[in-house]
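A.B. asks: Numbered by numbering that gives the first Met the number 0, the letters in the sequence shown go through residues 0 to 139 in order.
The beta carbon of each residue, even a glycine, is placed where N, CA and C say it ideally should be.
Just passing along the structure, written as structure tokens.
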Amino acid sequence: MSSALENKELEFVRELRRALDESAASLPASTTDRLATARRSALARKKTEPVLVRVPSLAAAGLPGSLDAPAAPRRRSPLKRLALAWPLAALVAGLFAIAYFEDQQHTAELADIDAAMLSDDLPLTAYLDHGFNAYLSRSH
């Protein structure tokens, strides 16, 4: 739900409450006394019922359970725990594979640069000369 819609609903509820409070204040005293008596008698007749508290839980795809089911403690079998943990293990393995692949690519690039430098006609000391590096940067 968007924030603007929630703000409009809250504003509507405030206005409704204000209007009900104003109209309740204008009721005659005999009416408010009768309403208070009726409320007290209704509360006295009301049976106390146990309150069922539902804790929302996410239902995994393909597994039984929903958000409307009462939260009861249950034990999961080791096989179900493994079924829930394998996506995390796959993610970790995928991240390690990506890091390994990028490291191999970086190593291959450095090896290509080293091979080009070693097979070049210039001596290695030319690359250490700052004047030669300046010459190369101006010529390109």
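Would you grab the beta carbon distance between Leu123 and Met116 for me? Rounded to a whole angstrom, and I think it's under 8 Å.
C.D. replies: Taking the first residue of the sequence shown as 1, we reach residue 123 at position 124. Taking the first residue of the sequence shown as 1, we reach residue 116 at position 117. Right, their Cβ atoms sit about 7 Å apart.
A.B. asks: In the structure shown, what three-state DSSP assignment does Pro49 receive?
C.D. replies: As a first step, residue 49 must be located in the sequence shown, where it is residue number 50. Residue state, collapsed to three classes: coil.
A.B. asks: So, with DSSP's three-state summary, where would you put Arg44?
C.D. replies: As a position in the sequence shown, residue 44 is number 45, starting the count at 1. Helix, per DSSP.
A.B. asks: Would you mind reading off the limits of the alpha helix (DSSP H) that contains Pro77?
C.D. replies: For this step, residue 77 is matched to residue 78 along the sequence shown. Pro77 -> alpha helix (DSSP H) spans 77-118.
A.B. asks: With DSSP collapsed to three states, give me the class of Asp128.
C.D. replies: Start at 1 with the first residue of the sequence shown, and residue 128 comes out as number 129. Coil.
A.B. asks: Can you tell me whether DSSP reads Leu121 as helix, strand or coil?
C.D. replies: The residue given as residue 121 occupies position 122 in the sequence shown. Coil, per DSSP.
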